[in-house]
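Protein chains in written order, with my numbering: chain S, 27 to 135; chain Z, -3 to 203.
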């Protein structure tokens, strides 16, 4: 099994999966913020996107800009087969860790 | 719409230009356009209508800082290690002559700032990035070294007369805290020279 993804990497990859053809920087940032229910720095999301692309889990292409962005191009991301495998591995590992336990945990910690 | 935006379309409101320019200088050319575009879109579409211009500008500058620290941080750690390492060696392992050690640290530092400038400009394709990264690395290194040397002084040197004497003989706070400040213009020049070389090489590899 390849290196397991970190929680933030999973959040970013799953945002790309959810957004499909609309997965560009700002939309991914918004999706990650909404899902994690906390403030997230754009720098953290962009650094993660760059790292995941370098690892071959994501691919990107440039798209047209819009007036609200001052015409600046958007970079759209797409999940790669290696990314899909990495997400499946991460999910399987979590399921394995929870096997036989009820969620949420109850009683004295 | 907040009162300070009355009569303006949010598409015409600009975030602080210096911050956008700083970010564009520090990112590789392929990323700069898309990243700055993402931030401007979020600024105009979500932050500005919800918080007003002043708070939106603060948000924008914070986001830029969230990107900007990444480029010089490793160089800054190396600078801090240099300054603090020299301090530790001078205080706990004083040489018979400081000339050789000074020669080594001076030329290593020059090489370090040239490399920081070169690497940054090579990565971004902009000579300005070299100067910015070298200066920011120096500021980070200086700040960290103040914390490290301050902690060592309070913990080990302050109450030991012999150590205190040695600390003063090797330059004291002037050497540790104020010399790096005086070196800033040199760092700026070295970063710029490294930056020019890095940009030239980046242009040649693209051609």
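Glycine included, each C-beta is placed from N, C-alpha and C at the ideal position.
Nonlocal neighbours in the same chain, by C-beta distance under 7 Å from residue i, ignoring five residues either side
i: residue 145 (chain Z); result: 80, 83 and 172
i: residue 110 (chain S); result: none
i: residue 44 (chain S); result: 57
i: residue 55 (chain S); result: 66, 68 and 71
i: residue 118 (chain Z); result: 194, 197 and 198
i: residue 105 (chain Z); result: 78
i: residue 133 (chain S); result: none
Close Cβ partners of residue i (< 6 Å) along its chain, the five nearest in sequence each way excluded
i: residue 208 (chain Z); result: Absent from the structure is residue 208 (chain Z), since the part of chain Z shown begins at -3 and ends at 203.
i: residue 16 (chain Z); result: 32
i: residue 42 (chain S); result: 49, 103 and 105
i: residue 141 (chain Z); result: 76, 79 and 80
Spatial neighbours of residue i in its chain, beta-carbon cut-off 8 Å, leaving aside the 5 residues before and after
i: residue 63 (chain Z); result: 19, 22, 23 and 31
i: residue 159 (chain Z); result: 87, 152 and 153
i: residue 7 (chain Z); result: 40
i: residue 98 (chain S); result: 91
i: residue 60 (chain Z); result: 15, 16, 18, 19 and 35
i: residue 40 (chain S); result: 61 and 113
Reduced DSSP category for residue i - H, G, I as helix; E, B as strand; rest coil
i: residue 125 (chain Z); result: helix
i: residue 109 (chain Z); result: helix
i: residue 85 (chain S); result: strand
i: residue 101 (chain S); result: strand
i: residue 50 (chain S); result: strand
i: residue 104 (chain Z); result: helix
i: residue 169 (chain Z); result: helix
i: residue 39 (chain Z); result: helix
i: residue 92 (chain S); result: coil
i: residue 91 (chain Z); result: coil
i: residue 107 (chain S); result: helix
i: residue 187 (chain Z); result: helix
i: residue 132 (chain S); result: coil
i: residue 14 (chain Z); result: helix
i: residue -3 (chain Z); result: Annotation note: pLDDT 42 at residue -3 (chain Z) (below 50); position unreliable, coordinate value reported separately. Note: residue -3 (chain Z) maps to coil in three-state DSSP.
i: residue 112 (chain S); result: helix
i: residue 31 (chain Z); result: helix
C-alpha gap between residue i and residue j, whole angstroms
i: residue 30 (chain S); j: residue 105 (chain S); result: 16 Å
i: residue -1 (chain Z); j: residue 48 (chain Z); result: In this prediction, residue -1 (chain Z) has a pLDDT of 43, which is less than 50 and means its spatial position is unreliable; nothing more can be read from the coordinates.
i: residue 66 (chain S); j: residue 12 (chain Z); result: 21 Å
i: residue -3 (chain Z); j: residue 149 (chain Z); result: Confidence in residue -3 (chain Z) is poor, its pLDDT being 42 and thus under 50, which makes the residue's placement unreliable; the coordinate value appears in the next sentence. Cα to Cα, residue -3 (chain Z) sits roughly 54 Å from residue 149 (chain Z).
i: residue 10 (chain S); j: residue 85 (chain Z); result: Residue 10 (chain S) lies beyond the range of chain S shown here (27 to 135); nothing can be said about it.
i: residue 72 (chain Z); j: residue 181 (chain Z); result: 17 Å
i: residue 161 (chain Z); j: residue 100 (chain Z); result: 24 Å
i: residue 76 (chain Z); j: residue 126 (chain S); result: 50 Å
i: residue 65 (chain Z); j: residue 55 (chain Z); result: 16 Å
i: residue 28 (chain Z); j: residue 170 (chain Z); result: 40 Å
i: residue 81 (chain S); j: residue 35 (chain S); result: 12 Å
i: residue 27 (chain S); j: residue 51 (chain Z); result: Low local confidence applies: a pLDDT of 48 at residue 27 (chain S) is under 50, so the model's placement there is unreliable, and no value is given.
i: residue 184 (chain Z); j: residue 92 (chain Z); result: 33 Å
i: residue 138 (chain Z); j: residue 131 (chain S); result: 48 Å
i: residue 174 (chain Z); j: residue 136 (chain Z); result: 14 Å
i: residue 100 (chain S); j: residue 177 (chain Z); result: 41 Å
i: residue 107 (chain Z); j: residue 89 (chain Z); result: 25 Å
i: residue 129 (chain S); j: residue 33 (chain S); result: 19 Å
i: residue 107 (chain S); j: residue 166 (chain Z); result: 60 Å
i: residue 86 (chain S); j: residue 119 (chain S); result: 28 Å
i: residue 125 (chain Z); j: residue 186 (chain Z); result: 12 Å
i: residue 9 (chain Z); j: residue 37 (chain Z); result: 11 Å
i: residue 163 (chain Z); j: residue 109 (chain Z); result: 27 Å
i: residue 88 (chain S); j: residue 203 (chain Z); result: 22 Å
Cβ-heavy atom distance, residue i to the ligand GTP, below 7 Å
i: residue 192 (chain Z); result: Although the ligand GTP was asked about, the structure shown includes no ligands whatsoever.
### Query
Mind listing which residues of the region 89 to 107 of chain S have their C-beta closer than 7 Å to chain Z's C-betas, in chain order?
91, 93, 94, 95, 96, 98, 99, 100 and 101
### Query
Closer than 8 Å, Cβ to any Cβ of chain S: which residues of the region 22 to 38 of chain Z, in chain order?
27, 29, 30, 31, 32, 33, 34, 35, 36, 37 and 38
### Task
Scan the region 157 to 174 of chain Z for residues whose Cβ lies nearer than 7 Å to a Cβ of chain S and list them as they occur along the chain.
none
### Query
If we count Cβ pairs, one from each stretch, closer than 8 Å, do we get three or more for the region 126 to 142 of chain Z versus the region 177 to 192 of chain Z?
yes
### Contact between the region 46 to 65 of chain S and the region 106 to 126 of chain S (3+ Cβ pairs under 8 Å)
no
### the region 71 to 80 of chain S touching the region 88 to 99 of chain S, judged by at least three CB pairs closer than 8 Å
no
### Message
Taking beta-carbon pairs under 8 Å, can you tell me which members of the region 60 to 89 of chain S lie near chain Z?
### Response
67, 68, 69, 70, 72, 73, 76 and 88
### Task
Quick one: which residues of the region 34 to 64 of chain Z get their C-beta closer than 9 Å to a C-beta of chain S? List them in chain order.
34, 35, 36, 37, 38, 40, 41, 42, 58, 59, 60, 61, 62, 63 and 64
#### Entry: Against chain Z: residues of the region 42 to 55 of chain S by CB proximity under 8 Å
50, 51, 52 and 55
### Message
Closer than 7 Å between beta carbons: that is the criterion. Which residues of the region 60 to 93 of chain Z meet it against chain S?
### Response
62, 63 and 66
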